[in-house]
Amino acid sequence: MDLRLNLVWNARRPLLEGTLVTLEVAILALGVALVLGLPIALLRMSRFKVISLPAFLYIQFFRGTSLYVLILWVFFGLSIAIGLNLPSFEAAVICLGLLNSAYMAEVYRTGLNTVGFGQWEAARSLGIGELPIFRLVVLPQALRVVIPSAANLFVDMLKDAAIVGVVGVWDLMKQADRLTKFHFRPFEFYTASAAVYFVLVFFFSRVVGLIEKRFSRHVQTRGG
Amino acid sequence: MEFDWRMITDNWQNFLNATLITYYVAALSMAVAMGVGLVLALLRASRNPIVQAPARIYVGFFRSLPLYVFLLWLYYGFKVAFNLSFQAIQAAVLSLGLISGAYMSEIFRSGLLAVDRGQYEAGFSIGLTMGQLYRKVVLPQVFRTVIPATANQFVGILKGATIVGIIGVFDLMYFARNATARTFKPFEFYSTAGIIFISSTLVFAALAGYLETRYRWRRA
C-alpha cells in the first residue's frame, strides 16, 4: 500500500473550509439547543400535567430520533409534503439543534434540581419577587452544573454533525467524500478527516475539563 | 398534501425485512460492544500502567471518532489501502461495535468501581484465586449494576444503526431512501421509517427505565 499524503496536503483548503462549516453547524445548533432547552425544561418541571406532559413527549421524541432520520425527513419529506424548502445548511442546524434541545432540557432540569428548595424559601422570605429569584439566585447556581454538561453535549454535537453532508451541506465529510471520489483515495482522505475530528474533539474535551474545574472551584478542597 | 397509504400497505413486507436487518445489526453490534467493553474495563482496572495504557488509548480514540467517519474509513478506506474488504454488514457491525465498546467499557468500569474493596479482601481471605473472585463475586455484581446503563447504550446503538445504509447495508433507512428514489414519495417512506425507529427506541428507553427501578441496589 502506498500512502499519498501529498494529495491531502494539496487539498488542505477545501478540507479546512469543510471543517469550518462543520464547526459552524455545531455552534449554531448549540445556540438553538441552549435557547430552546430552557423553556422546555421549565415546562417539564411544571406541577401541572397538562403543561409537563407535552414537554415530556417533546424530550422523548427528540431523544429517540437519530439525526440521520430527522434530517432526511425534514429536508426531503417536508419539502414534498408541505412545500417547506429549507436550504440544507439551515435544515442541518435546525435538526441538530432540535434533537439536542431535548438533551439540553434534561441538562437544565438537572441543574435546576440541584438548587435546593430552601434557596427559594430564603429568597422569598427576603421579599424578592419570583422572577428575580429565578434570575439572580437559582439560575446562577444551576449554571454551575449546566455549563460543563452543555460543553460535553457540544462535543457530541460536533461528532453527530458529520452526517449533515447527506442533505448537501459542504461540511468536512462531504469535502472528504468529494475528494475521495475524485482521486479514488478513500484511505487518505477519510484518515485525514478522522484526524481532524480527533483533534477537534480532543481540544474541546480539554476545554470541557477546564470549564469543569473552573466552575467547581469554590467547592474544591485545597491540598486534598 | 395527501398521504399515500398505499405506499405503506404495498410495502409492509419490505419495511418489516428492513427493520429486522436494522435490529440484527444493532444486536450484533451490542454483542461486540459488550465483549470489547468488558475486556477494556478489566484492563483499566489493572494497577499496572502498561496494561492500562492500551485501554485508555482505545477509549480516547473511539470516543472522539464520529461513527459516520469510522464507517466510511473502514469500509472504503481499507478496501483500497490494504485490499481488505468487508461485507457492508460486517463493516457496520464492526464500526458500531468498536465505537460503542469504548462507551461500554466506561459503563463496565463504573460497575467495577461500585464493587466494594472489602469484597476483594473477603474473597482473597477465603482463598479464592483471582479468576474465581472475578467470576463468582465481582462480575455478577457488575452485570447487575450495569443493566440499566447497558439498555440505554442499546438505544444509542439503535440510533447509530440508522446510518449504516450509507455503505449499502439494506436496512430501514436504505430501503426508505431507495423507495423514495423510485416513487418520489419521501414523506410517506421517511415518516414510516421514522415512526418505526422512534417506537423502537422508546420501547427500549422505557425498558431501561423499568430495569433501573427493578435492579436498583438497595442498602440493607
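Protein chains in written order, with the working numbering: chain A, 419 to 642; chain B, 85 to 304. From the three backbone atoms N, C-alpha and C, an ideal C-beta is built for every residue, glycine too. Keep in mind that this is a model prediction, so the values were computed, not measured.
Euclidean distance between Cα positions of residue i and residue j
i: SER284 (chain B); j: GLY534 (chain A); result: 36 Å
i: TYR108 (chain B); j: GLU508 (chain A); result: 34 Å
i: MET91 (chain B); j: ILE500 (chain A); result: 18 Å
i: ASP420 (chain A); j: VAL164 (chain B); result: 10 Å
i: TRP157 (chain B); j: GLY121 (chain B); result: 22 Å
i: ILE517 (chain A); j: TYR204 (chain B); result: Reading off the sequence shown, one finds Leu at residue 517 (chain A), where the question assumed Ile. LEU517 (chain A) and TYR204 (chain B): Cα-Cα distance of roughly 43 Å.
i: ASP589 (chain A); j: LEU485 (chain A); result: 15 Å
i: LEU196 (chain B); j: GLY144 (chain B); result: 19 Å
Residue i at chain B interface by Cβ criterion, 8 Å
i: VAL487 (chain A); result: yes
i: LYS577 (chain A); result: yes
i: GLN478 (chain A); result: yes
i: LEU423 (chain A); result: no
i: GLY482 (chain A); result: yes
i: ILE512 (chain A); result: no
i: ILE581 (chain A); result: yes
i: PHE494 (chain A); result: yes
i: THR609 (chain A); result: yes
Bounding residues of the alpha helix (DSSP H) (the contiguous stretch that carries residue i)
i: ASN167 (chain B); result: ASN167 (chain B) -> no alpha helix (DSSP H), and no H or E assigned at all.
i: PHE227 (chain B); result: 223–244
i: TRP427 (chain A); result: 423–428
i: TYR615 (chain A); result: 604–633
i: VAL525 (chain A); result: 506–532
i: GLU205 (chain B); result: 201–209
i: PHE493 (chain A); result: Premise fails: PHE493 (chain A) is in no alpha helix (DSSP H) and is neither H nor E.
i: TRP538 (chain A); result: 535–543
i: ILE565 (chain A); result: 557–578
i: ARG596 (chain A); result: 590–601
Residue i, buried or exposed, once every other Cβ within 10 Å from all chains shown has been counted against 16
i: GLY545 (chain A); result: exposed
i: GLY244 (chain B); result: buried
i: PHE600 (chain A); result: exposed
i: PHE494 (chain A); result: buried
i: ALA304 (chain B); result: Here ALA304 (chain B) scores only 47 on pLDDT, less than 50, and its place in the model is too uncertain to base an answer on.
i: MET214 (chain B); result: exposed
i: PRO232 (chain B); result: buried
i: GLY642 (chain A); result: Low per-residue confidence applies at GLY642 (chain A): pLDDT is 43, beneath 50, and the placement is therefore not dependable, though the value from the model is reported in the following sentence. So GLY642 (chain A) ends up on the exposed side.
i: GLU539 (chain A); result: exposed
Residue-chain proximity (residue i, chain A), Cβ-Cβ < 8 Å
i: ILE241 (chain B); result: no
i: TRP96 (chain B); result: no
i: VAL143 (chain B); result: no
i: VAL177 (chain B); result: no
Chain C contact residues for residue i, given Cβ-Cβ distances below 7 Å
i: VAL619 (chain A); result: Absent from the structure: chain C. Protein chains present are A and B.
Task: Runs of alpha helix (DSSP H) lying entirely within the region 93–151 of chain B, each at least 4 residues, in chain order - done: 96–129, 133–147
TODO: Within the region 422–488 of chain A, note down every full alpha helix (DSSP H) run reaching 4 residues or more, in order along the chain.
DONE: 423–428, 430–462, 467–481
Task: Whole runs of the beta strand (DSSP E) within the region 255–300 of chain B, excluding any shorter than 3 residues - done: none
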